[in-house]
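Residue numbers (full-length UniProt numbering): 1 to 429.
Structure representation (structure tokens):
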């Protein structure tokens, strides 16, 4: 057994208290052995003047869309997708997706993210990037049937199932999968009826965009006489292993349905604000004991992958949505970005405790904007950023030490992403 001792810092406990202590990691199993007063490790990672915390978990993103950062802004979701995003995605090649995913993975490591959920296409290319980066991920093929005939739609659904089966367990077990129909308005109900049971038989979780905008609610109500999540449940969706992205426009009955079924919700506040999609009722979800995680969405609609930014946004807009300054407090926001997101994704991480996966970030507190240190949980929610992360550890392996990413050649990743993004834009014209 090879052990790693993270030493000299303060530790964020699962109950959101902060104590001085060390963390000992078994690098062979990728698990935490002890927290607090621990035996000496074979290797050390210096956390002096730092806060040792669970690695952040980005529970909904599209890594490869880092190639589209700044490509199309200041438009509502539907026109942004149809006029800008889908056309350029139509010219992307697997190597483009791999380069974009590598760029997103690099950005994630630099910002203390250790695990994520990615919905995209050319998923093997995404998995290649995740494996090289050393991250943990749940991945899936985003199924879209808009503009496709029945055979084409069925083929896309079949690909979603195939990807879920074939990629499960990749990257030495760090990669898990899910069946990922894109949204309730971009896939056909008849196809859901056929393929959701197949996903259940394969024991694969289901992830889908839902209730992101009013335009995703009204058509379903008008056509089917049901709210989106009622419609989803009628097609076999919503279970304790399932999770939806956004949940911006939920009514009380839908929140109750989420709670009853154990379905998780991934809140993406920055993307929802940028696309003027709305503000999710996060405090109502938490009050109903719905498991809530945080996601950045893609860098094309955010425009970064810094989960610390989502933390701050979630706390801020949560207060606006509830008209209550005490709503979505700092501890709740931090928990959503760590334990909440991990629980939504089914990962045994997000908490610094014996037996949990050693997915860890060390935040450097030696800076003006994190001084004085009255309340470090407050600082995590309202003052810190990804640029403050000193070290990043996933599955017991050090991915970044003293701001140097060890698993990826940062300069090469940026150069290839720049080149491929430029070429893709030219092809899309």
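Quick reminder that beta carbons are idealized off the backbone N, C-alpha and C, glycines included.
With 16 or more other Cβ atoms inside 10 Å of its own Cβ, residue 278 counts as buried. Within the same chain, and ignoring the five residues on either side of residue 375 in sequence, no residue has its Cβ closer than 7 Å to its Cβ.
For residue 62, the three-state secondary structure derived from DSSP is coil. Scanning its chain for C-beta atoms nearer than 7 Å, with the 5 sequence neighbours on each side dropped, one finds around residue 20 the residues 10, in chain order.
By a beta-carbon distance limit of 8 Å, residue 41 does not contact residue 303. Their separation comes to about 39 Å. A Cβ-Cβ contact shorter than 8 Å links residue 392 with residue 112. Taking every protein chain shown into account, the CB of residue 265 has 16 or more other CB atoms within 10 angstroms, so this residue is buried.
The C-alpha of residue 336 is placed about 23 Å away from the C-alpha of residue 179.
Residue 14 sits away from residue 349, with the two beta carbons spaced by 8 Å or more.
In the three-state reduction of the DSSP assignment, residue 318 falls in the helix class, which pools H, G and I. In this structure residue 406 is exposed. Its beta-carbon is surrounded by fewer than 16 other beta-carbon atoms within 10 angstroms. Around the Cβ of residue 320, a 10 Å sphere holds fewer than 16 other Cβ atoms; the residue is exposed. Per the DSSP secondary-structure output, residue 380 pairs with nothing in a beta bridge. Cβ contact annotation for residue 35 (same chain, cutoff 7 Å, sequence separation greater than five): 11, 21, 23, 352, 353 and 354, in chain order. Secondary structure within the segment 190–245: the beta strand (DSSP E) runs of 3 or more consecutive residues, fully enclosed, are 207–210 (chain order). Note that the C-beta distance between residue 16 and residue 298 is not below 8 Å. 389 is the residue among 389, 414, 418 and 421 whose C-alpha sits nearest the C-alpha of residue 52. A Cβ-Cβ distance of about 4 Å is found for the pair residue 421 and residue 67, placing them in contact under the 8 Å criterion. Distances from the CA of residue 26 to each of 49, 166 and 359 were compared; the closest alpha carbon is that of 359. Runs of beta strand (DSSP E) with 3 or more residues, each lying fully within the segment 18–104, are found at 18–20, 22–26, 31–36, 43–46, 50–54 and 56–61, listed in chain order.
In the structure shown, the three-state DSSP call for residue 121 is coil. One alpha carbon belongs to residue 87, the other to residue 428, and they sit about 7 Å apart. Per the Cβ contact rule, the segment 54–63 is in contact with the segment 118–128 (3 or more Cβ pairs under 8 Å). The continuous beta strand (DSSP E) containing residue 138 extends over residues 136–143. Assignment of beta strand (DSSP E) within the segment 345–398, counting only whole runs of 3 or more residues, yields 360–364 and 389–394 in chain order.
The three-state reading of DSSP puts residue 404 in strand, counting E and B together. Judged by DSSP secondary structure, residue 3 falls within the beta strand (DSSP E) whose first and last residues are 3–7. The beta carbons of residue 269 and residue 221 sit no closer together than 8 Å.
The C-alpha of residue 292 lies about 13 Å from the C-alpha of residue 310.
The shortest CA-to-CA distance from residue 140 to any of 204, 262 and 286 is the one to 204. Beyond the five residues adjoining it in sequence on each side, residue 343 comes within less than 8 Å, by CB distance, of 264, 291, 293 and 350 in the same chain, given in chain order. Here the alpha carbon of residue 208 sits roughly 31 Å from the alpha carbon of residue 387.
Residue pairing by DSSP places residue 115 opposite 57 and 136 in a beta bridge.
Counting only residues of its own chain and dropping the five nearest sequence neighbours on each side, residue 28 has a CB closer than 8 Å to the CB of 1, 2 and 396.
Secondary structure note for residue 11: its beta strand (DSSP E) is the uninterrupted segment 10–12. Cβ contact annotation for residue 339 (same chain, cutoff 6 Å, sequence separation greater than five): 350 and 351, in chain order.
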